[in-house]
Each structure stands twice: as C-alpha cells, then as structure tokens.
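Participant: In mature numbering (1 follows the signal peptide of the UniProt record, and there is no 0), the protein residues as written are -19 to -1, 1 to 125. We put the beta carbon where it would ideally sit given N, CA and C, even for glycine. One structure, pasted below without further comment.
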Amino acid sequence: MNFPVIFTLSICFFAVANCKLDKKDFGAHLLEVVDVTHDKCQRITGASQALIDEMKKGSFPEDIAMKRYTYCLWMLIMKLREDLVLDSRKLWYYVPDMHKEDAVVYMKCNEEARKLPGDDLVSKIWNMQKCIQKNIDDKHYIYF
C-alpha cells in the first residue's frame, strides 16, 4: 500500500474508534460514581445493555426504558431537583478537565430543556441529552 492509502485508512479508523469519550478518560470524580450509578439505573429502569451501548455511540432509540435510564443517571449524579436546574459547580466537578469548554453546551441544553412545555421530566432530560450529544464534539460525548 502506498502512503496516501495508509494515511486515509488510519484517519478513518481513528474517526470511527473515537466516536465517544472512553470511560478511562471520564475523570476521577465521574469514575468514582459511573459503575454504581449505571448498575442502579439499569436495575431500576430495565434498560438493556445493547441500547445503552447504542446511546454511547450517539444513537437515541425511542425506548421508554432508555429515557428513564438517562433521567436516572442525571438525577443520581447531578442531584437534580424537580426544576431540573443544573448546578454548574457540580458539572465542573464531574466533567473531565480537558472538556471544560463543553460545560457551556451542557448549561445551554439544560436551560432549553427546562423551557420545554409540560411537566414530563423524563422527556425534558431526554431532550437535554440529545441536545448535548448534538452540540459537543463526538469525542467528548459522555454516556455510560
């Protein structure tokens, strides 16, 4: 193979392999709570690991268990109240240092979700998660 072909294949592999933030790069504070929170939310909601893995890749299956799982993650880790206000200090605590610029996106998406009509908190968090995934670099996307 010549250099241009190898270079192109390497770039394609790198892009596909890095479509989400690897768990080891989550940061110390988030790593402390990831496994326990995942297990608890999966048990509570009945979300399948297959659909969770799809979400890690940026897919959003219209599945009520996945919506509830996503809601559960946010509620347990960020301790959101019924008004769904995201505490920027907690966000900065959990978002890995190299992705602090993404905090602005998280806060903007949270604000937009809170403004949605109705009182279905699960749907609001689901829409917030979609907004976050859509507006941050794929390599920074955190989901577990």
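I'd like to know whether the C-beta atoms of Ala94 and Lys81 end up nearer to each other than 8 Å.
Facilitator: The answer is no: Cβ separation not under 8 Å.
Participant: In chain order, what residues of the same chain lie with their CB nearer than 6 Å to the CB of Tyr124, ignoring the 5 residues before and after it?
Facilitator: Same-chain partners within the cutoff: Met36, Lys37.
Participant: Which residues in the same chain as Leu32 place their Cβ atom closer than 7 Å to its Cβ, once the five residues preceding and following it in sequence are excluded?
Facilitator: Contacts found: Pro42, Asp44, Met47.
Participant: Tell me whether Ile(-14) sits in a helix, a strand or coil according to DSSP, three-state version.
Facilitator: With a pLDDT of only 32 at Ile(-14), under the threshold of 50, the placement of this residue in the model should not be trusted, and no figure is reported.
Participant: Excluding the 5 residues flanking Met88 on each side, which residues of the same chain have their C-beta closer than 8 Å to its C-beta?
Facilitator: Around Met88: Leu67, Ser69, Leu72.
Participant: Taking C-alpha atoms, which residue in Val17, Val85, Asp101 lies nearest to Asn116?
Facilitator: Measuring from the Cα of Asn116, the nearest candidate turns out to be Val85.
Participant: When you compare each of Leu61, Ala28, Val17 to Met109 by their alpha carbons, which one comes out closest?
Facilitator: When only C-alpha atoms are compared, the closest one is Leu61.
Participant: So Val85 is in the alpha helix (DSSP H); what residue range does that whole segment cover?
Facilitator: From DSSP, the alpha helix (DSSP H) with Val85 extends over 84 to 95.
Participant: Going by alpha carbons, who is nearest to Asp20 out of Ile58, Glu63, Gly39, Asp100?
Facilitator: Nearest option by C-alpha distance: Ile58.
Participant: Tell me whether the beta-carbon of Leu54 lies closer than 8 Å to the beta-carbon of Cys22.
Facilitator: In this structure, Cys22 lies closer than 8 Å to Leu54 by Cβ.
Participant: Less than 8 Å between C-beta atoms, sequence neighbours within five positions excluded: which residues of the same chain meet that for Ala28?
Facilitator: Excluding sequence neighbours, Ala28 sits near Cys22, Asp44, Ala46, Met47, Arg49, Tyr50.
Participant: Would you tell me roughly how many angstroms separate the C-alpha atoms of Ile25 and Glu63, rounded to the nearest one?
Facilitator: Roughly 19 Å between the two C-alpha positions.
Participant: Residue ranges of each alpha helix (DSSP H) run of no fewer than 4 residues wholly in the region 28 to 55, ordered along the chain?
Facilitator: 30 to 37, all fully within the region 28 to 55.
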